[in-house]
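Okay, structure first, notes after.
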Amino acid sequence: MFTEVIKLEKRDTMDNKQKIPVYVLSGFLGSGKTTILLNMLEHCKNKGQQPGIILNELGEENVEGHLFKDEKVVELLNGCICCTIQDDLKETMDELIAEMDKSPIDILFIEGTGVANPLEIQEALLSKPYIDQFEIMSIITVLDASQYLEYQSVFSSSAEVRKLMKEQMVCGSLLLLNKTDLIRQDQLDKVILKITKIVGPEKEIVKCVYGRIGTEKLFERKFQSISVNQQRSNIDYHHHHSTVQAIKVEDFPALPQKTFEKWLNQLPNNVLRGKGFVKFEKSHQLYSFQYASKKANFTPVPANLNKKPIIILIGMGINNEQINYHYKQLFEQKL
Ligand SMILES: Nc1nc2c(ncn2[C@@H]2O[C@H](COP(=O)(O)OP(=O)(O)OP(=O)(O)O)[C@@H](O)[C@H]2O)c(=O)[nH]1
1 MFTEVIKLEK RDTMDNKQKI PVYVLSGFLG SGKTTILLNM LEHCKNKGQQ
51 PGIILNELGE ENVEGHLFKD EKVVELLNGC ICCTIQDDLK ETMDELIAEM
101 DKSPIDILFI EGTGVANPLE IQEALLSKPY IDQFEIMSII TVLDASQYLE
151 YQSVFSSSAE VRKLMKEQMV CGSLLLLNKT DLIRQDQLDK VILKITKIVG
201 PEKEIVKCVY GRIGTEKLFE RKFQSISVNQ QRSNIDYHHH HSTVQAIKVE
251 DFPALPQKTF EKWLNQLPNN VLRGKGFVKF EKSHQLYSFQ YASKKANFTP
301 VPANLNKKPI IILIGMGINN EQINYHYKQL FEQKL
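Take 1 as the starting number for the sequence shown in the UniProt record's numbering and just add one per residue.
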């Protein structure tokens, strides 16, 4: 009798303990996940909240760490959360929990690689002991409106990519249709129609540019814990991203900016994403570059970052031979 009372009190204390809210950012390569994460972090900062961030990258090197200057970031490199999550993510979460006594966090963000299935992240967070400490608030799936039709086309994309995107959409509790600035209204209508066919009319699709939507909507508790198994059966889940590779190019000299931009724009169609750092001729300035949606962006980075030029290319079925061939073109002035 006495023991029973103690048990009940213990359970009561655990239930009352505030769980840490978790937001998972999902979405295909270059759709705008990091952009949205940065918006969310800004909001947390304004509210005085201390965020924790788990970032997963496909390549061996994270070239975007400088974007999260003062934040507490844990990186899971060279993988895809969706394959390694059951071990790596749980290990990372364990480290985070151990550290939380010394440096507590109020909110956790997990950004998967562009080819991760959020179901795996969800599954890990809903398992013991994580379920006692964390609470999924929303799986935010970001879609690139400007590339949607191409990625879903049987002519320009692969069945793997189409299926992966479908999984990301179906798992998403909030769908953000980003990059709407890059397409015409009639194309946008077509994209929305196609997405609705996949996710059903009940699921709201929020259009945005650079992920700018009201914070209330962005932080809304949207996640409903329907059984993961049920979701798995809904989407006929299996790993699809075996053909998506990341290739790294290092040790290259400063280049004329125009040549580099031209080179990026002439990369073969199966190169879907590029990022890294470059130096341009006649300048000591290092630039961070992003190549997504067939567009290149350059941002100067401070010298004290101590980064070296590096190009990371991510694509479907790309291999060293193919990238070497294109790399030579960059330096043999064949552009
Ligand atoms: N034109 C336009 N560009 C955008 C928009 N949102 C993001 N971008 C740009 O698209 C590029 C990729 O954005 P990210 O936020 O890094 O995309 P991501 O989904 O994190 O990409 P991965 O690292 O491949 O997973 C960056 O250069 C962004 O500035 C948008 O709404 N419109």
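Yeah, the Cβ is synthetic: ideal placement off N, Cα and C, and Gly gets one too.
{"Item": "Within its chain, find whatever has a CB closer than 6 Å to the CB of residue 273; leave out the 5 residues flanking it on each side and keep chain order.", "Value": "29, 30, 292 and 314"}
{"Item": "My output table needs one value for residue 109: the three-state DSSP class, helix, strand or coil.", "Value": "strand"}
{"Item": "Just the Cα atoms here: how many angstroms apart are residue 119 and residue 262?", "Value": "38 Å"}
{"Item": "Take residue 137 as the anchor and find which of 167, 165, 173 and 161 has the nearest alpha-carbon.", "Value": "173"}
{"Item": "Report, in whole angstroms, the separation of the C-beta atoms of residue 129 and residue 50, which I expect to be a contact under 8 Å.", "Value": "Going by Cβ atoms, the distance from residue 129 to residue 50 rounds to 21 Å, so no, they are not a contact pair."}
{"Item": "Would you verify that the beta carbon of residue 120 is, or is not, closer than 8 Å to some beta carbon of chain C?", "Value": "Chain labels in this structure do not include chain C; a single protein chain is all it has."}
{"Item": "Name the two residues that bound the continuous beta strand (DSSP E) containing residue 21.", "Value": "20-27"}
{"Item": "Cβ of residue 199 within 8 Å of Cβ of residue 169?", "Value": "yes"}
{"Item": "Do residue 116 and ligand 1 come close, with the Cβ less than 7 Å from some heavy atom?", "Value": "no"}
{"Item": "State the beta-bridge partners of residue 249 as determined by DSSP.", "Value": "311"}
{"Item": "Applying the criterion that 16 or more other CB atoms from any shown protein chain within 10 Å of the CB defines a buried residue, is residue 299 buried or exposed?", "Value": "exposed"}
{"Item": "Would you kindly check if the distance between the Cβ of residue 209 and the Cβ of residue 181 is under 8 Å?", "Value": "yes"}
{"Item": "What residues match up with residue 291 in a beta bridge as DSSP calls it?", "Value": "274 and 296"}
{"Item": "Taking 8 Å as the cut-off, decide whether the C-beta atoms of residue 253 and residue 135 are in contact.", "Value": "no"}
{"Item": "Is it buried or exposed for residue 240, if we count other Cβ within 10 angstroms and need 16 for buried?", "Value": "At residue 240, the pLDDT of 48 sits below 50, so the modelled position is not reliable; the number obtained from the coordinates is stated separately. Classification for residue 240: buried."}
{"Item": "Should residue 41 be counted as a contact of ligand 1 given a C-beta to heavy atom distance under 7 Å?", "Value": "no"}
{"Item": "Would residue 157 be called buried (16 or more neighbouring beta carbons within 10 Å of its own) or exposed?", "Value": "buried"}
{"Item": "Which ranges does the alpha helix (DSSP H) cover as unbroken runs of at least 4 residues, wholly within the stretch 110-170, from first to last along the chain?", "Value": "118-125, 130-133 and 148-152"}
{"Item": "Could you give the DSSP three-state label for residue 279: helix, strand or coil?", "Value": "strand"}
{"Item": "Please classify residue 318: does DSSP put it in a helix, a strand, or coil?", "Value": "coil"}
{"Item": "Mind checking whether the beta-carbon of residue 293 lies closer than 7 Å to any heavy atom of ligand 1?", "Value": "yes"}
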